[in-house]
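Peer 1: Residue numbers (our numbering): 9 to 264.
Listed below in structure tokens is the structure:
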């Protein structure tokens, strides 16, 4: 019963948020454009699972400036086992030098219980370029140096076979390569895809790849249905963890 109450509370809370912000929404091309998303699933009987995901992304473009922020979470459990528990966040500022070339500064934050990452803070800055920039399609490429601060799970094996787990604090320089693609397929359908590769400068065999692809279809002026695939590959994961984490999310989005 508690699971049903939690699931209902998430959905009702999202609906209440949407109704409040809708009252202040105004058609301004230079205003913030914000999308809130939520997805949930619950099974009982032969299987007992619960999954909840959601997030908020907001962006604003004006003059020669582009600013975007976002945060998201995903939680899933199978009976008494937690199979996903992540919180993410990012912020990016672009300063356009001309119609296509821009400089950027970016910060990414991650907490992942299942992957044993207490925190990962990635700072980066560099140059970006709009390879394609039309009303329907955009494609950008970004590159620049970065620096990572992280705390991940590690373990030490003693001669008697005893294993001690502890937190390993690391910080190191990286170089970040990024790519973003958006396509307004029709007036009601939109596709997007992002890819990021960030190797450690001192050891290129130690790297992180983040990828996302999604499609959203409008069902009303403000609401849409979306399916999003997210994948993270870490070549050197926390001790005892897998390199790859994949999520497939079905969500409702509200844009205002």
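C-beta: ideal position from N, C-alpha, C; glycine also. Given the structure is predicted, the values throughout are model-derived calculations rather than measurements.
1) Look at the alpha carbon of residue 64 and the alpha carbon of residue 50, and state the distance between them as a whole number of angstroms.
2) Residue 2 and residue 201 look like a contact to me (Cβ under 8 Å); what is the Cβ gap, rounded to whole Å?
3) Rank 160, 195 and 183 by C-alpha distance to the C-alpha of residue 128 and give the top, closest one.
4) For residue 227, I'd like the list of residues in its chain whose CB is within less than 8 Å of its CB, leaving aside the five on either flank, ordered along the chain.
5) Mapping the DSSP letters down to three states, classify residue 119 as helix, strand or coil.
6) Tell me whether residue 106 is buried or exposed, calling it buried when 16 or more other Cβ atoms sit within 10 Å of its Cβ.
7) Answer yes or no: do residue 246 and residue 130 have a C-beta to C-beta separation smaller than 8 Å?
8) With residue 179 and residue 155 assumed to form a contact (beta carbons below 8 Å), what rounded beta-carbon distance in angstroms separates them?
9) Quick check on residue 231: buried or exposed, where buried means 16 or more other Cβ atoms within 10 Å of its Cβ?
10) Starting from residue 153, trace the beta strand (DSSP E) both ways and give me its first and last residue.
11) Whose CA, out of 89, 176, 264 and 135, lies closest to the CA of residue 103?
12) Going straight from the alpha carbon of residue 158 to that of residue 69, what length do you get?
13) Could you say which of 85, 93 and 141 lies nearest to residue 118 if we only look at CA atoms?
14) Measure the C-alpha to C-alpha separation of residue 210 and residue 182 and round it to an integer number of angstroms.
15) Which term fits residue 252, buried or exposed, when burial requires 16 or more other beta carbons within 10 angstroms of its beta carbon?
16) Considering Cα atoms alone, identify which of 58, 137, 57 and 67 is closest to residue 44.
17) Just to confirm my understanding: we take residue 148, look at its own chain, exclude 5 residues before and 5 after, and list those with CB closer than 6 Å. What are they?
18) Give every residue of the same chain whose Cβ lies closer than 6 Å to the Cβ of residue 284, excluding the five residues on either side of it in the sequence, and list them in chain order.
19) Could you give the distance in angstroms between the alpha-carbon of residue 144 and the alpha-carbon of residue 198?
20) Rounded to a whole number of angstroms, what is the C-alpha to C-alpha distance between residue 194 and residue 237?
21) By Cβ distance below 6 Å, which residues in the same chain neighbour residue 75 in space, the five residues on each side in sequence not counted?
Peer 2: Taking the structure as given:
1) Residue 64 and residue 50 have their C-alpha atoms spaced approximately 22 Å apart.
2) Any property of residue 2 remains undetermined from this structure, which presents the chain solely from 9 to 264.
3) With respect to the C-alpha of residue 128, the residue from 160, 195 and 183 having the closest C-alpha is 160.
4) Excluding sequence neighbours, residue 227 sits near 233.
5) Residue 119: strand per DSSP, three-state reduction.
6) By the neighbour-count rule (16 or more Cβ atoms within 10 Å), residue 106 is not buried but exposed.
7) Taking 8 Å as the Cβ cut-off, residue 246 and residue 130 do not qualify as a contacting pair.
8) That pair is a contact at about 7 Å.
9) Exposed is the label assigned to residue 231, since fewer than 16 other Cβ atoms lie within 10 Å of its Cβ.
10) Unbroken beta strand (DSSP E) run through residue 153: 145 to 165.
11) Among 89, 176, 264 and 135, the Cα nearest to that of residue 103 is on 135.
12) Distance between the alpha carbons of residue 158 and residue 69 is about 31 Å.
13) Considering only alpha carbons, the answer is 93.
14) A straight line joining the alpha-carbon of residue 210 with that of residue 182 spans about 8 Å.
15) Exposed, because fewer than 16 other Cβ atoms sit within 10 Å of the Cβ of residue 252.
16) Comparing Cα-Cα distances from residue 44 to each of 58, 137, 57 and 67, the minimum goes to 67.
17) The residues are 136, 138 and 188.
18) Because the chain spans 9 through 264 in this model, residue 284 falls outside it and cannot be assessed.
19) Looking at the two C-alpha atoms, the distance is approximately 9 Å.
20) Taking the CA atoms as reference points, residue 194 sits about 21 Å from residue 237.
21) Once the five neighbours on either side are set aside, the close Cβ partners of residue 75 are 68 and 101.
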